[in-house]
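As given, the protein sequences belong to chains F and L, one line each in that order. Position 334 (the first sequence) corresponds to 582 in my numbering; numbering is contiguous. Position 523 (the second sequence) corresponds to 532 in my numbering; numbering is contiguous. Every residue gets a Cβ at the ideal spot worked out from N, C-alpha and C, and that includes glycine. The structure appears below as structure tokens.
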Amino acid sequence: MEKENTITEYNFTGTSRLVLLIGMGLGVVCMILSFFLDGGVEHHARFWSNFLHNSVFFTGIALMATFFIAVCITAWAGWYTIFKRVWEAFSQFLIVGFILMLIIGIGIYLHWHHLYHWADQTILNPENEEVYDAILHGKSAFLNTTWYVIIGGLIVLVWVFFAYKLRALSLDEDQNGGDANFSHHRSMRWYAAAFLPIAGFSSAAMIWLWIMSVDSHWYSTLFAWYTGASWFVSMIALTILVLVYLKNRGYFANVSAEHFHDLGKFMFAFSIFWTYLWFSQYMLIWYANVGEETTYFKQRIDHYPVLFYGNLIINFIVPFFVLMRNDTKRKYGTLVFVSIVLLLGHWWDFFLMLKPGILHTAHEAAGMTGEHGGFTPGFTIPGLLEIGTMLGFLSLFLFVAFSVLSRSSLVAKNDPFLEESLHHHV
Amino acid sequence: MSSVVSKIREPLITGHKSYHDITEDLVSPTEKVPGPSWVIAFIVSVSVLAFGLFCIAWTIWHGIGTWNLNRTIGWGWDITNFVWWIGIGHAGTLISAILLLFRQKWRTGVNRAAEAMTIFAVICAALFPGIHVGRAWVVFYFFPYPNTRGPLWPNFDSPLLWDLFAISTYFTVSLLFWYTGLVPDFATVRDRAKGFRKKIYNTLSFGWTGSAKHWQRWESLSLILAGIATPLVLSVHTIVSFDFATSVIPGWHTTIFPPYFVAGAIFSGFAMVLTLMIITRKVLNLQDYITIEHIESMNKVILVTGTIVGVAYLTELFIAWYSQYPYEQFAFFNRALGPYWWSYFGMMFCNVVTPQFFWVKKFRRNVALTFFLSIIVNIGMWFERFVIIATTLARDYLPSSWSFYVPTWVEIGIFLGTMGLFFTFYLIFVRVAPVVAIAEVKSILKSSGDQYLGPNAIHHEHSGHDKVIMDPIHSDEISDEHHGHGDAPSDTPGSPADIGTEQAVKTGKDVKGETKVSNTYVPSSRKEGSEKDDLKKIEGIGPKIEEVLNNSAIMTYIDLVNTDVGRLNAILENAGSNFRQHDPSTWSAQAKLAAEGRWEELKKWQDELDGGKTKK
Chain F
249 MEKENTITEY
259 NFTGTSRLVL
269 LIGMGLGVVC
279 MILSFFLDGG
289 VEHHARFWSN
299 FLHNSVFFTG
309 IALMATFFIA
319 VCITAWAGWY
329 TIFKRVWEAF
339 SQFLIVGFIL
349 MLIIGIGIYL
359 HWHHLYHWAD
369 QTILNPENEE
379 VYDAILHGKS
389 AFLNTTWYVI
399 IGGLIVLVWV
409 FFAYKLRALS
419 LDEDQNGGDA
429 NFSHHRSMRW
439 YAAAFLPIAG
449 FSSAAMIWLW
459 IMSVDSHWYS
469 TLFAWYTGAS
479 WFVSMIALTI
489 LVLVYLKNRG
499 YFANVSAEHF
509 HDLGKFMFAF
519 SIFWTYLWFS
529 QYMLIWYANV
539 GEETTYFKQR
549 IDHYPVLFYG
559 NLIINFIVPF
569 FVLMRNDTKR
579 KYGTLVFVSI
589 VLLLGHWWDF
599 FLMLKPGILH
609 TAHEAAGMTG
619 EHGGFTPGFT
629 IPGLLEIGTM
639 LGFLSLFLFV
649 AFSVLSRSSL
659 VAKNDPFLEE
669 SLHHHV
Chain L
10 MSSVVSKIRE
20 PLITGHKSYH
30 DITEDLVSPT
40 EKVPGPSWVI
50 AFIVSVSVLA
60 FGLFCIAWTI
70 WHGIGTWNLN
80 RTIGWGWDIT
90 NFVWWIGIGH
100 AGTLISAILL
110 LFRQKWRTGV
120 NRAAEAMTIF
130 AVICAALFPG
140 IHVGRAWVVF
150 YFFPYPNTRG
160 PLWPNFDSPL
170 LWDLFAISTY
180 FTVSLLFWYT
190 GLVPDFATVR
200 DRAKGFRKKI
210 YNTLSFGWTG
220 SAKHWQRWES
230 LSLILAGIAT
240 PLVLSVHTIV
250 SFDFATSVIP
260 GWHTTIFPPY
270 FVAGAIFSGF
280 AMVLTLMIIT
290 RKVLNLQDYI
300 TIEHIESMNK
310 VILVTGTIVG
320 VAYLTELFIA
330 WYSQYPYEQF
340 AFFNRALGPY
350 WWSYFGMMFC
360 NVVTPQFFWV
370 KKFRRNVALT
380 FFLSIIVNIG
390 MWFERFVIIA
400 TTLARDYLPS
410 SWSFYVPTWV
420 EIGIFLGTMG
430 LFFTFYLIFV
440 RVAPVVAIAE
450 VKSILKSSGD
460 QYLGPNAIHH
470 EHSGHDKVIM
480 DPIHSDEISD
490 EHHGHGDAPS
500 DTPGSPADIG
510 TEQAVKTGKD
520 VKGETKVSNT
530 YVPSSRKEGS
540 EKDDLKKIEG
550 IGPKIEEVLN
560 NSAIMTYIDL
570 VNTDVGRLNA
580 ILENAGSNFR
590 QHDPSTWSAQ
600 AKLAAEGRWE
610 ELKKWQDELD
620 GGKTKK
């Protein structure tokens, strides 16, 4: 059946575990340091904002892996079948993501942090005339801890269920599949199709709660799709990196330049799509010039110019010009380079989405008013501690993904599209 | 494209077609005298178009006051219709370009008609900005021109100008794309034509010879155009949405507009493709090329884009509340519960609720329901634009200037006129060009024809490979010669082999053996031994015709069920002049009853029939 004999079991070796454990250890050390070295910002905002930033980023990658499996199943796509186990492994990180986001939610209840301005009960009370915030009071039917912790938690659990179910069906197909009616695939199609609208609606709600509400007054209808595109590009970039690594270790011998070419095309196309959404959001807000909306960009351009312009250069200029040619999508060198840049680039994008709002909230909470420019470690640009924390979370993500990957066959041998995927030709 | 096709997929070409059958079936509508249904449709379309032209002339002569637009509602039916038509003009290039890049084989059955539709829809759309200015003679204000209005070229600030560029670019590229695809097919038509007709098609096909060099250039041009067209599909409706979203009108200014307009445009475009293709496949007997599988795929696109649009509607509604911006909140309150509440509910119902039927496979494969819903969707998308434009304008910031708007007969007449224009163009198109892309359909025959794939395929176990082998037919020289080189569209019109087949069929004399007419059709009887049914039980078939059919390898009722009317006509025609008068239109339905053993029903029906024909 196979084109080449290939190793079908992934062995998560002691060395790999050790490297990833060291990475996680580095992350823990950086987080402990950031807990104390917070540059004078109250409520350990540097630690908590890093925690939120990385949790959201990697949970989103897992969500997008689940989502894209569902898309491919629904669209009867065949090309990805030989490496679908990698996405299935990514998707299982949602369980960890649930725990991470739960910690932040509990933190709201217990006042461990002050990431969200709306969580402050004093400003919602009209009797506190000094600080009363009518807008946030109006939004409080959505922006509240019940939505964040209980409903949000349930939504993530629904994602976890679908991620688990799609993988379980795929694994069961290995053992009991291959019948003439393709009953496993039929069943997967059912779950995949059901997941698409659920993910479509619920991801928007979670993005508003987790990310957009950091700038608690600001709103943009496009924001959820923009963030989703950012997650998606990161997911593809990480997939390429993991596949190249595994291929170098001798696994996935049948994953060829053809498959990388298609992954590269997705990375290229969705980088442009991300830019399209970035531009649409920015241009419309700039053109209409409504104060409530422009404040978001004004704050970022004035106080975070490196992040703001860097975001565009990293996430648009680089992939656009490097991946434009056909051959750069088929060569490891260029593909790995762009994948690393984009993974960091979209992490950078989330940094820019979250940090200015959190810093603003922290300043407000500390009673500071008016303009507050200047350099704040861990906020103005990502510092070494932020990068260390990110490496820690990345190690955690890979540790979970590789553990999952090692528990099953690398080849979905009874998938009806496996032959198509083995003979894939762009 | 991968040469391996999973068994789980369904065939996209049915009826065990050979390459010659494809040419025959797809070119013949341009060669025959149009039937009465075409003539009636054409007369109706041209009449409606004439009325539309009259209304346009009326508008220009008497001025824009003949419309019911007023100071508050400056855009009404005109821009609603403009956006509606532009939206419809999205599916064609999406199918051609994006589905080409995604290697979706089912696009080949519908891309040609969808591209044509795109071009006609864009022409209809472009009319409205031209006439809504009222004073048609100053329409050059659309274009940027230097100096008379100061040194700043002020209209570059306006999204309306960007629109002009976006749409004209889109139109140009779509036209090129469409025409590029037509070139080899025009050559196929030419090769069968005679006299002046041959000269015309020779010019239209740019002297295409079908050499390898031609195909190579043709393929790279197609890919380049696909690459250019993909961002254009996004850009056009994005810029149309900018017309609204760059303003500060509550309900217009919202950042989700660009992608949501694009999704809505694809949604309405696919609905219109479905409407047209369901009629076309029926009238031109193209059910073997535009199969239920095609319809189901398009219904899935309808479901996806309809749901995306639904997510966008609810996002807008939610964020309007979330923003705590009273004007924004009022705009949505007004849409749902204001004087035009019915159009908001029409939009929600038609665009979000009705596509949900397509979750059920049975409904996705139901042609009548699909046809009905495709029209409902386009009504819904019209409502959407009306909601966005007129409803929003009717209630602006100043309650003293609130207003209400109903169109005049002139505005309605112009809209109807664009319908007439659209259908006039489309009806001409089906007469002069192959409505399904011949070369592209041929390119997928070996991977998606039903003799290779699906329940009717002939399976071979070969060297341990558990897959459908690519050449189960008894490889006559013709298909070997044509397709020795993979599955590129190498069935070059005008190649010696092709002409050879045409002659063989035309003269009928060279037809030796039993498989010449349908040289790739392997009937079930041949697969399973020498089973043979008494075809004379079918009213209209006598012993002579039975012999003819048997010679064409139609031995059993099942074979007859699987043979479409066009094919039967061709068989009869080739059998000589005596057979031509027979009408085989009910044969396969009769054979179905016979095959299922429902003799009582067959008897009853045959009593009503007149020599196998439906009584008139």
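Asked, Found
"Go through its chain and collect everything with a Cβ distance to Ala-610 of chain F's Cβ below 7 Å, but skip five positions before and after it.", "Val-289, Glu-290, His-291, Ala-293, His-362"
"Are the C-beta atoms of Ile-478 of chain L and some chain F residue less than 7 Å apart?", "Confidence is the limiting factor: at Ile-478 of chain L the pLDDT is only 40, short of 50, which leaves the residue's position unreliable and the question unanswerable from this model."
"Output needed for Met-281 of chain L: all residues of its chain with C-beta closer than 8 Å, excluding positions within five of it in sequence on either side, in chain order.", "Ile-97, Ala-100, Met-126, Ala-130, Ser-383, Asn-387"
"Within the chosen definition, does the region 78-86 of chain L reach the region 210-221 of chain L through at least 3 CB pairs nearer than 8 Å?", "no"
"Near Trp-330 of chain L, what residues of its chain come up, given a Cβ to Cβ distance below 7 Å and the 5 sequence neighbours on each side ignored?", "Gln-338"
"If the criterion is Cβ atoms closer than 7 Å, does the pair Leu-602 of chain L and His-591 of chain L meet it?", "no"
"Would you call Leu-402 of chain F buried or exposed, if buried means 16 or more other Cβ atoms sit within 10 Å of its Cβ?", "exposed"
"Is it the case that the region 357-367 of chain L contacts the region 399-419 of chain F, given that we only count it when at least three CB pairs across the two stretches are under 8 Å?", "no"
"Within 7 Å (strictly less), CB to CB, does Phe-665 of chain F reach chain L?", "yes"
"Kindly indicate the opening and closing residues of the alpha helix (DSSP H) around Val-563 of chain L.", "The residue you asked about is not Val; residue 563 of chain L is Ile in the sequence shown. Counting along the chain, Ile-563 of chain L falls outside any alpha helix (DSSP H), and DSSP gives it neither H nor E."
"Do you know how far the Cα of Asp-543 of chain L is from the Cα of Phe-500 of chain F?", "57 Å"
"Just to confirm my understanding: we take Lys-541 of chain L, look at its own chain, exclude 5 residues before and 5 after, and list those with CB closer than 8 Å. What are they?", "Ser-534, Asn-559, Met-564, Thr-565"
"Got a sec: which bits of the region 262-279 of chain L sit with their beta carbon under 9 Å from any beta carbon on chain F, in order along the chain?", "His-262, Thr-263, Thr-264, Ile-265, Phe-266, Pro-267, Pro-268, Tyr-269"
"Within 10 angstroms of the Cβ of Val-57 of chain L, are there 16 or more other Cβ atoms? Answer buried if so, exposed if not.", "buried"
"Reducing DSSP to helix, strand and coil, say where Asp-30 of chain L ends up.", "helix"
"First and last residue of the alpha helix (DSSP H) that includes Arg-497 of chain F?", "Counting along the chain, Arg-497 of chain F falls outside any alpha helix (DSSP H), and DSSP gives it neither H nor E."
"May I have the straight-line CA-CA distance separating Trp-534 of chain F from Trp-473 of chain F, to the nearest angstrom?", "19 Å"
"Given this structure, state the Cα-to-Cα distance separating Tyr-414 of chain L from Ala-403 of chain L, to the nearest angstrom.", "8 Å"
"Check Gly-495 of chain L in the structure and name its three-state DSSP category.", "Confidence in Gly-495 of chain L is poor, its pLDDT being 38 and thus under 50, which makes the residue's placement unreliable; the coordinate value appears in the next sentence. Gly-495 of chain L: coil per DSSP, three-state reduction."
"Tell me, please, whether the region 625-640 of chain F touches the region 569-587 of chain F by the rule of three or more beta-carbon pairs shorter than 8 Å.", "no"
"Taking all protein chains shown into account, do 16 or more other C-beta atoms lie within 10 angstroms of the C-beta of Asp-616 of chain L, making it buried, or fewer, making it exposed?", "exposed"
"Can you give me the Cβ contacts of Tyr-530 of chain L inside the same chain, cut-off strictly under 7 Å, excluding the 5 residues immediately before and after it?", "In this predicted model, Tyr-530 of chain L has a pLDDT of only 41, less than 50, meaning its place in the structure is not dependable enough to derive any value."
"Just by C-beta distance, which residues in the region 321-340 of chain L are closer than 7 Å to chain F?", "Thr-324, Glu-325, Ile-328, Tyr-331, Ser-332, Gln-333, Tyr-334"
"Output, in sequence order along the chain, the residues in the region 301-316 of chain L whose CB is closer than 7 Å to any CB in chain F.", "Thr-316"
"Comparing the C-beta of Ser-15 of chain L with each C-beta of chain F, is any distance below 7 Å?", "yes"
"Please state whether DSSP places Ala-660 of chain F in a helix, a strand or coil.", "coil"
"Quick check: the Cα distance between Ala-440 of chain F and Tyr-467 of chain F, rounded to an integer number of angstroms?", "31 Å"
"From the DSSP output, which residues share a beta bridge with Ile-22 of chain L?", "L:Gly-458"
"Tell me whether Arg-589 of chain L is buried or exposed, calling it buried when 16 or more other Cβ atoms sit within 10 Å of its Cβ.", "exposed"
"Since Val-242 of chain L meets chain F, which of its residues come closer than 7 Å, beta carbon to beta carbon?", "Here the premise fails: no neighbours, minimum Cβ distance about 12 Å."
"Using a cut-off of 8 Å between C-beta atoms, extract the partners of Trp-473 of chain F located in chain L.", "Ile-265, Pro-268"
"Just the chain F side, please: which residues come within less than 7 Å of Ala-175 of chain L by C-beta, in chain order?", "What Ala-175 of chain L touches in chain F: nothing, since even the nearest Cβ is about 14 Å away."
"Do we get a CB-CB distance below 7 Å when we pair Ala-477 of chain F with the residues of chain L?", "no"
"Ser-256 of chain L versus chain F: which residues are under 9 Å apart at the beta carbon?", "Tyr-535, Ala-536"
"Is there a Cβ of chain B sitting closer than 7 Å to that of Phe-516 of chain F, yes or no?", "Here the protein chains are F and L, and chain B is not one of them."
"Provide the residue span of the alpha helix (DSSP H) that contains Arg-548 of chain F, from first to last.", "539-551"
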